[in-house]
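Read top to bottom, the protein sequences are chains G and X. For the first sequence, our numbering gives the first residue as 1, with consecutive numbering after it. For the second sequence, our numbering gives the first residue as 1001, with consecutive numbering after it.
Protein chains: 2
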Amino acid sequence: METTLEGWTETEQSIARDAFDRAYSRAIDQLIQRVRASVEGLETAETVWKLHDYLSIERHTIEGRFDFRLQGILFVFASLVKEGLLDLDELSGLEAQKLAKIEAMSRF
Amino acid sequence: METTLEGWTETEQSIARDAFDRAYSRAIDQLIQRVRASVEGLETAETVWKLHDYLSIERHTIEGRFDFRLQGILFVFASLVKEGLLDLDELSGLEAQKLAKIEAMSRF
C-alpha cells in the first residue's frame, strides 16, 4: 500500500512510513504475547469465546488505526506515542511543526 | 436452557441431554487443543487474523449445532456420532427407532 501524504516531503514520508511499520509490528507483537498468555487460561467455552471477542476488537482497532492514508495521520502518531508503541525520536526528521503537534497531542 | 423434546420420554430426554452435554464438552476441548497448538505458530498479523477467522467459524458452527431445541435433533446426534464427538452407546436407552435412524444417518 503505497500512499502519498500531501504536503509531506519524500524524506518525511519515508520516516513516517518506517515509524508506522515499526509501531504496527510492536502492536502485533504485543497482541501475540497477550493471546499466548490467554491461551493458558482456556478451559471452558466461555473463555474461548472471550478470546474470540478480544481478537475481534483488537483486529478492528488495529486495522482501523494503521491506515496510512488516514487524514488524521498526526493524531494517529500522537496516539501511538501515547501508548508507547512509538517513540517520538523515531519521528525525528519530520517538519518541526508536525513534531510539535504530535508531541502536544500525545500528552492528552 | 431447559427444553422439552416432544414425543420423547423423560428418560430419553435425560439420556439425550447428557449425551449432548458430553459431546459439547468434547467439541470445546478439541477446539481448545487446536487453539493451543495454533498459538505456537503466531508470528505475523496474518497468522493472528487467521486464528481469529478460525475462531469465528468454529463459534458459529458450535453455537448453531449445539442447540438442543433444534428440530433435527436426530440428525444432530448422527453428525456428532459421525465426527467421533459421541459414541452410539452413549445414546442407549433411546427408543429403538430413534437409535436406528441416528445410526443409519451417521453412516452418510
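Beta carbons: idealized from backbone N, C-alpha and C, even for Gly.
{"Check": "Mind checking who Leu94 (chain G) pairs with in its DSSP beta bridge?", "Outcome": "G:Ser92"}
{"Check": "Report back the beta-carbon spacing between Glu12 (chain G) and Leu94 (chain G) to the nearest angstrom; my notes put them in contact at under 8 Å.", "Outcome": "5 Å"}
{"Check": "Check whether the stretch 84 to 98 of chain G and the stretch 1071 to 1091 of chain X touch, using three or more Cβ-Cβ pairs below 8 Å as the test.", "Outcome": "no"}
{"Check": "Going by C-alpha to C-alpha distance, which of X:Arg1017, X:Glu1043, X:Leu1088 and X:Trp1049 sits closest to Asp29 (chain G)?", "Outcome": "X:Glu1043"}
{"Check": "Is the Cβ of Val1035 (chain X) closer than 8 Å to any Cβ of chain G?", "Outcome": "yes"}
{"Check": "How would you label Phe108 (chain G), buried or exposed, when you count the other beta carbons within 10 angstroms and need 16 or more for buried?", "Outcome": "exposed"}
{"Check": "Can you give the Cα-Cα distance for Ala104 (chain G) and Asp67 (chain G), rounded to whole angstroms?", "Outcome": "22 Å"}
{"Check": "Taking all protein chains shown into account, do 16 or more other C-beta atoms lie within 10 angstroms of the C-beta of Glu1040 (chain X), making it buried, or fewer, making it exposed?", "Outcome": "exposed"}
{"Check": "So the candidates are X:Phe1020, X:Ile1032 and X:Ala1027; which of them puts its Cα closest to the Cα of Phe1077 (chain X)?", "Outcome": "X:Phe1020"}
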